[in-house]
Amino acid sequence: MKAILKSFKKFNWRLWLVLAVTLLIPALYQTLRIFFLGDLPGDWGVNIASQLSWVNLLYEIAEEAFILPLFYLLGKSLCSKEDLENKTRTGLLVSGSVYFLFSVLIMALAKPLCIWMASDPSTLNATVTYIRLESISSTIRILSKFIVVLFVTMKKDRYMYLLLVIQTVLTMLLDTFFISQLSCSLDLGVNGIAISNIIVSVVSVVVSLLFLRRENIRVFRKKKPEFGWLKEYGKIGLFSGLESFVRNVAFMLMVSRLVNVISEQGIYWVANSFIWTWLLLPATALYDVIKKETAETIDSISTKTLGYIVISVFFSILWFASIPLWKPFVRYVLNSDDYEKIFSVVLISSPFYIMYIFNCIFDGTIYGRGKTIYMLIESIFTNGIFYVTMYILWKTGIWTPSLIGIALMFGIGMAVDLIPTIGCYFYLLKKERVRIVFHLKGERNENQ
Numbered sequence: 013m014k015a016i017l018k019s020f021k022k023f024n025w026r027l028w029l030v031l032a033v034t035l036l037i038p039a040l041y042q043t044l045r046i047f048f049l050g051d052l053p054g055d056w057g058v059n060i061a062s063q064l065s066w067v068n069l070l071y072e073i074a075e076e077a078f079i080l081p082l083f084y085l086l087g088k089s090l091c092s093k094e095d096l097e098n099k100t101r102t103g104l105l106v107s108g109s110v111y112f113l114f115s116v117l118i119m120a121l122a123k124p125l126c127i128w129m130a131s132d133p134s135t136l137n138a139t140v141t142y143i144r145l146e147s148i149s150s151t152i153r154i155l156s157k158f159i160v161v162l163f164v165t166m167k168k169d170r171y172m173y174l175l176l177v178i179q180t181v182l183t184m185l186l187d188t189f190f191i192s193q194l195s196c197s198l199d200l201g202v203n204g205i206a207i208s209n210i211i212v213s214v215v216s217v218v219v220s221l222l223f224l225r226r227e228n229i230r231v232f233r234k235k236k237p238e239f240g241w242l243k244e245y246g247k248i249g250l251f252s253g254l255e256s257f258v259r260n261v262a263f264m265l266m267v268s269r270l271v272n273v274i275s276e277q278g279i280y281w282v283a284n285s286f287i288w289t290w291l292l293l294p295a296t297a298l299y300d301v302i303k304k305e306t307a308e309t310i311d312s313i314s315t316k317t318l319g320y321i322v323i324s325v326f327f328s329i330l331w332f333a334s335i336p337l338w339k340p341f342v343r344y345v346l347n348s349d350d351y352e353k354i355f356s357v358v359l360i361s362s363p364f365y366i367m368y369i370f371n372c373i374f375d376g377t378i379y380g381r382g383k384t385i386y387m388l389i390e391s392i393f394t395n396g397i398f399y400v401t402m403y404i405l406w407k408t409g410i411w412t413p414s415l416i417g418i419a420l421m422f423g424i425g426m427a428v429d430l431i432p433t434i435g436c437y438f439y440l441l442k443k444e445r446v447r448i449v450f451h452l453k454g455e456r457n458e459n460q
């Protein structure tokens, strides 16, 4: 018991708080956006905005190939400002270029992609326009995300806080001016969200570059860039990107497309937003802590895993304790008339997301150590067996999709994913010769 209490106290709460705040502030303006969309006549605004979820899955593939490996690779260069600057310059150039080409492709194929994803034909043209505008924002925003990872690695908390405050204030002001139903609004509808995102993304990149300049990291310095580190970057990013590709394509086909087919896309999107924006916020911050700490030193796996487990239990208790607040939150804060359906989806998904919280310990450690090939193995196992089976059952008429049925399917998929994840985690421990310490030195000394 003493070991549990000590591990709770020894947990890096400062870093967790920084990361939690970086998630909390965007959660506030995301919630405000959903509220504004709920004020629009009918449900067309929510339905169009929900289509961005599968577009974001495509961008997530590129993001996990180019951003996630940075926790490991930038962490290795903290002792050399010159090396860190070079990685920043070349990394921004490569990731920005790839994102630009990716966005051009999505913009060109927006309409056929929407048709393939079974988007509502009555709002097809409006959806295509919205997706194209958001693609511009995503291309710019990736540069800011790259720099934010650098700030996390350098422990420059104040820069992240300032950047988040600027983003939040600007987003709320622009959303009020572009999409709200207030008298001062231009009433641009869902496209106002995309325009707001473009402006905020541009400002974020400019401010981030100014912060880098204060740290004497100059992206535009007249110096020949060195691209040698990209070999390791490419190797880690390749497996990370492939894993994300397998996982996200499966989600697009078996979740995003199916909720469009049964015309429940708006409800599922709000439910999913509530889960990932609010309920999973503490666990997502924990996941980032694990990635950062295990990337810096392998000893963190031995000495800090007990703390990660204890914190995960604590977050799981908070999850279930918050259940009485869900209905009023969805009804009044998220401004949804379908709060009963949304509550049912979230409630039935909860046990599976609790499993996911603990899964973050395993995946965070694997990512932190740069073993993204293990993640690819996990994804192929889960999606190649479970989702292919569900697809066959759907196509043969054995299984008929419904809102609750799709939520259960995704939840069971997360549970199945635990099997290869645990296997890869313990293989990593064995290969790296790591033993997890379930007692702390202080407790051992007291017992002697």
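Using the working numbering, the letters of the sequence shown correspond one by one to residues 13 to 460.
In this text, a Cβ means the ideal position worked out from N, Cα and C, and glycines have one as well.
Between the segment 154–161 and the segment 214–228, the count of C-beta pairs closer than 8 Å reaches three or more; the two stretches touch. In the three-state reduction of the DSSP assignment, Ile143 falls in the helix class. A straight line joining the alpha-carbon of Leu125 with that of Arg144 spans about 12 Å.
One alpha carbon belongs to Ala295, the other to Asn284, and they sit about 15 Å apart.
Annotation for Cys126: the continuous alpha helix (DSSP H) segment containing it runs 122–128. For Leu293, the closest of Ile313, Arg233, Cys372, Ala307 by C-alpha to C-alpha distance is Cys372.
A contact is defined here as three or more CB-CB pairs under 8 Å, and the segment 377–392 fails this definition with respect to the segment 346–365. Just measuring C-alpha positions, the residue of Thr188, Glu305, Glu444 sitting nearest Thr43 is Thr188. Counting other Cβ atoms within 10 Å of its Cβ, Ala333 stays below 16 and is therefore classed as exposed. With contacts defined as CB atoms closer than 8 Å, Ile46 and Asn347 qualify as a contacting pair. By a beta-carbon distance limit of 8 Å, Thr377 contacts Tyr437. Their separation comes to about 7 Å. The DSSP assignment places complete alpha helix (DSSP H) segments of no fewer than 4 residues inside the segment 364–407 at 384–394, 400–407, in order along the chain. Non-local C-beta neighbours of Ile118 in its own chain, meaning closer than 6 Å and more than five positions away in sequence, comprise Ser147, ordered along the chain. In its chain, beyond the 5 residues on either side, Tyr41, Ser208, Val212 have a beta carbon closer than 7 Å to the beta carbon of Thr183. For Ile178, the closest alpha carbon among the candidates Ile416, Lys18, Ile37, Phe251 is that of Ile37. A straight-line Cα-Cα distance of about 8 Å links Pro133 and Ile127. In the three-state reduction of the DSSP assignment, Arg26 falls in the helix class, which pools H, G and I. Linking Tyr403 to Lys235 through their CA atoms gives a straight-line distance of about 53 Å. DSSP places Pro432 inside the alpha helix (DSSP H), whose first and last residues are 415–443. By the criterion of a C-beta distance shorter than 8 Å, Gly319 is surrounded in its chain by Ser19, Phe20, Lys22, Phe23, once the five residues flanking it on both sides are discounted. The segment 62–79 and the segment 101–113 touch, with no fewer than 3 CB-CB distances between them shorter than 8 Å.
Each residue's CA atom was taken as its position, placing Leu35 and Glu238 some 33 Å apart. Under a 10 Å Cβ-count criterion, Glu255 is classified as buried, with 16 or more other Cβ atoms of the shown protein chains found around its own Cβ. Annotation: the continuous alpha helix (DSSP H) that includes Asp300 extends over 293–308. Each residue's CA atom was taken as its position, placing Glu97 and Gly240 some 14 Å apart. Scanning Glu390, Leu359, Ser150 for the CA closest to the CA of Pro336 turns up Leu359.
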